[in-house]
(Lines of atoms letter the chains of each structure in order from A; the text may use other names.)
(Lines give C-alpha, C1' and ligand atoms only; values in the text may rest on other atoms or scores of the structure.)
Protein backbone atom coordinates (compact mmCIF):
# COMPACT_ATOMS: atom_id res chain seq x y z
CA UNK A 12 0.00 0.00 0.00
CA UNK A 13 2.83 2.40 0.89
CA UNK A 14 4.56 1.72 -2.41
CA UNK A 15 1.32 2.45 -4.31
CA UNK A 16 0.93 5.80 -2.51
CA UNK A 17 4.60 6.62 -3.17
CA UNK A 18 4.23 5.70 -6.83
CA UNK A 19 1.10 7.89 -7.11
CA UNK A 20 2.92 10.83 -5.48
CA UNK A 21 5.88 10.46 -7.85
CA UNK A 22 3.54 10.30 -10.85
CA UNK A 23 1.70 13.41 -9.63
CA UNK A 24 4.95 15.34 -9.13
CA UNK A 25 6.31 14.30 -12.53
CA UNK A 26 3.01 15.20 -14.19
CA UNK A 27 3.04 18.61 -12.51
CA UNK A 28 6.63 19.26 -13.58
CA UNK A 29 5.82 18.20 -17.15
CA UNK A 30 2.80 20.53 -17.24
CA UNK A 31 4.79 23.44 -15.76
CA UNK A 32 7.58 23.02 -18.32
CA UNK A 33 5.12 22.80 -21.23
CA UNK A 34 2.61 25.44 -20.09
CA UNK A 35 1.40 27.76 -22.88
CA UNK A 36 2.96 31.18 -23.26
CA UNK A 37 0.45 33.94 -22.54
CA UNK A 38 1.12 37.29 -24.27
CA UNK A 39 1.47 40.24 -21.89
CA UNK A 40 -1.05 43.05 -22.38
CA UNK A 41 0.20 46.29 -20.80
CA UNK A 42 -2.25 48.75 -19.30
CA UNK A 43 -2.33 52.36 -20.50
CA UNK A 44 -0.33 53.47 -17.45
CA UNK A 45 2.28 50.76 -18.01
CA UNK A 46 2.60 51.70 -21.70
CA UNK A 47 3.16 55.35 -20.71
CA UNK A 48 5.86 54.28 -18.23
CA UNK A 49 7.67 52.15 -20.82
CA UNK A 50 7.46 54.88 -23.46
CA UNK A 51 8.92 57.40 -21.00
CA UNK A 52 11.81 55.02 -20.30
CA UNK A 53 12.46 54.54 -24.02
CA UNK A 54 12.28 58.29 -24.75
CA UNK A 55 14.85 58.97 -22.03
CA UNK A 56 17.49 56.94 -23.89
CA UNK A 57 16.55 58.17 -27.38
CA UNK A 58 17.47 61.79 -26.80
CA UNK A 59 20.04 63.21 -29.24
CA UNK A 60 23.56 61.98 -28.61
CA UNK A 61 25.64 64.49 -26.71
CA UNK A 62 29.29 64.93 -27.67
CA UNK A 63 30.48 64.24 -24.11
CA UNK A 64 30.29 60.68 -22.77
CA UNK A 65 28.68 60.26 -19.38
CA UNK A 66 28.81 56.81 -17.85
CA UNK A 67 25.32 55.40 -17.36
CA UNK A 68 23.55 58.23 -19.14
CA UNK A 69 21.87 55.86 -21.63
CA UNK A 70 20.69 53.12 -19.29
CA UNK A 71 17.16 51.78 -19.29
CA UNK A 72 15.68 49.48 -16.66
CA UNK A 73 12.73 47.36 -17.77
CA UNK A 74 10.78 44.86 -15.71
CA UNK A 75 10.05 41.37 -17.01
CA UNK A 76 6.43 42.38 -17.60
CA UNK A 77 7.43 45.53 -19.53
CA UNK A 78 9.92 43.58 -21.68
CA UNK A 79 7.35 40.92 -22.58
CA UNK A 80 4.70 43.60 -23.13
CA UNK A 81 6.97 45.44 -25.59
CA UNK A 82 7.64 42.17 -27.38
CA UNK A 83 3.90 41.55 -27.70
CA UNK A 84 3.07 45.14 -28.77
CA UNK A 85 5.82 45.56 -31.39
CA UNK A 86 6.19 42.07 -32.88
CA UNK A 87 4.10 39.01 -33.55
CA UNK A 88 6.17 36.94 -31.10
CA UNK A 89 3.98 37.61 -28.02
CA UNK A 90 2.45 34.12 -28.08
CA UNK A 91 5.64 32.23 -28.95
CA UNK A 92 8.49 33.95 -27.07
CA UNK A 93 8.69 34.89 -23.40
CA UNK A 94 11.60 36.33 -21.41
CA UNK A 95 12.19 35.56 -17.74
CA UNK A 96 14.63 37.80 -15.88
CA UNK A 97 16.87 36.32 -13.20
CA UNK A 98 19.88 37.60 -11.30
CA UNK A 99 22.63 38.13 -13.89
CA UNK A 100 20.69 36.15 -16.51
CA UNK A 101 17.88 36.36 -19.04
CA UNK A 102 15.98 33.17 -19.88
CA UNK A 103 13.98 32.92 -23.09
CA UNK A 104 11.13 30.47 -23.66
CA UNK A 105 10.35 29.77 -27.30
CA UNK A 106 7.31 27.77 -28.37
CA UNK A 107 7.38 26.45 -31.91
CA UNK A 108 6.09 23.53 -33.94
CA UNK A 109 8.71 20.89 -34.60
CA UNK A 110 9.27 19.16 -37.92
CA UNK A 111 6.88 16.17 -38.15
CA UNK A 112 9.77 14.01 -39.41
CA UNK A 113 11.73 14.32 -36.14
CA UNK A 114 11.86 11.07 -34.19
CA UNK A 115 9.79 10.88 -30.95
CA UNK A 116 8.78 14.58 -30.69
CA UNK A 117 7.95 15.31 -34.33
CA UNK A 118 5.10 17.76 -34.89
CA UNK A 119 4.74 18.71 -31.21
CA UNK A 120 5.35 22.01 -29.38
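In the numbering used here, the protein residues as written are 12 to 120.
The C-beta atom is built at its ideal place from N, Cα and C for all residues, glycine as well.
Secondary structure at residue 14: helix, using DSSP grouped into helix, strand and coil.
From the listed residues 19, 28, 32, 14, the smallest Cα separation to residue 103 is found for 32. Each residue's CA atom was taken as its position, placing residue 17 and residue 51 some 54 Å apart. Pairing residue 96 with residue 75, the inter-Cα distance amounts to about 6 Å.
Residues of the same chain with a CB within less than 6 Å of the CB of residue 23, apart from the 5 flanking positions on each side, do not exist. For a cut-off of 8 Å, the C-beta gap from residue 49 to residue 89 is around 15 Å, too long to register as a contact. If you check the CB distance, residue 106 and residue 91 come in under 8 Å.
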